[in-house]
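Some notes on the structure that comes next.
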Amino acid sequence: MTKWDKRFLKLAKEIATWSKDPSTQVGAIAVRDKRIIATGYNGFPKGIEDNARTLEDRPAKLRLMVHGEMNMIFNAVEHGVSLKDSTVYVWGLPVCEDCFKGLIQVGVSRVVMPSIEEHGKRWKLGCEFGKCKMEHVGIQVDQYNMYHVWSWDTPGKYMAEDHYNLKQSFDKEHGDEIEECENGY
Ligand SMILES: [Zn+2]
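Residue 1 is where the sequence shown starts when you use this note's numbering, and the numbers rise one by one after that.
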């Protein structure tokens, strides 16, 4: 993980906060030659109102939600930007069983995403499948632990307390999803 990787991941983290989804926020940015060429976060398609009622209706929300990675691709298309040979940084969740296909099709060369083991419990099989296929076509896939991002700012001064607090809030936010997974996914 280079200094620039860390910088872009922090940016992806910031972009994830722009999502209105109350439970899952994913940010994605595509970078080439240290320049940001596209960004995206999860949200409803344009023109479809993302009011609190729909956002809380889980089945409707999941059906409507455009994932951060796909929105990044659509934003690039809208502006006529090629994502060929770019590195994509994802914050929030590992690349899922749908989005990996988009990333392959636009010619991404590297993906830096949250660790499947640590952050993708519910979608583990699909995420592993996608990772395997991305690697098969030559995309470099690097995984990182979102809990450890805090320690990047102060090497050697890693606060166990920060880790604990972040983990607590993550489990609280994603608790319903993890539970659903265990109950029958
Ligand atoms: Zn996805």
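Even glycine gets a Cβ: it sits at the ideal position worked out from N, Cα and C.
| Item | Value |
| --- | --- |
| Bridge partners of proline 114, per DSSP? | Tyr144 |
| How about glutamine 143 and methionine 113: do their beta carbons lie closer than 8 Å? | yes |
| So, with DSSP's three-state summary, where would you put threonine 54? | helix |
| Any idea what DSSP makes of glycine 27, helix, strand or coil? | strand |
| Less than 8 Å between the beta carbons of glycine 80 and tyrosine 41, yes or no? | no |
| Cutting at 6 Å between CB atoms, please list the residues of its own chain near threonine 54, excluding the five before and the five after it. | Ala60 |
| Given that a residue counts as buried once 16 or more other Cβ atoms are within 10 Å of its Cβ, and exposed if not, what is isoleucine 48? | exposed |
| For valine 88, which residues does DSSP report across the bridge? | Ala30 and Val111 |
| For valine 95, which of helix, strand or coil comes out of DSSP? | coil |
| By the 10 Å Cβ neighbour count, where 16 or more other Cβ atoms means buried, how is asparagine 71 classified, buried or exposed? | buried |
| Out of curiosity, what's the CA-to-CA distance linking lysine 157 and serine 23? | In this prediction, lysine 157 scores a pLDDT of 49, lower than 50, which makes its location untrustworthy; the coordinate-derived value is nonetheless stated afterwards. Lysine 157 and serine 23: Cα-Cα distance of roughly 30 Å. |
| Should histidine 79 be counted as a contact of ligand 1 given a C-beta to heavy atom distance under 7 Å? | no |
| Since I believe leucine 83 is in contact with isoleucine 37 (beta carbons under 8 Å), could you give me their beta-carbon distance rounded to a whole number of angstroms? | 7 Å |
| Just tell me which of Glu97, Lys46 and Asp50 has its CA closest to the CA of glutamate 78. | Lys46 |
| Please determine whether the Cβ atom of valine 95 lies at a distance below 7 Å from any heavy atom of ligand 1. | yes |
| Quick check on lysine 3: does DSSP put it in helix, strand or coil? | helix |
| Once you ignore the five residues that flank lysine 124 on each side, which residues in its own chain have a CB closer than 7 Å to its CB? | Ile116 |
| From the beta carbon of glycine 102, is the nearest beta carbon of chain D less than 8 Å away? | Absent here is chain D; the protein component of the structure consists of one chain. |
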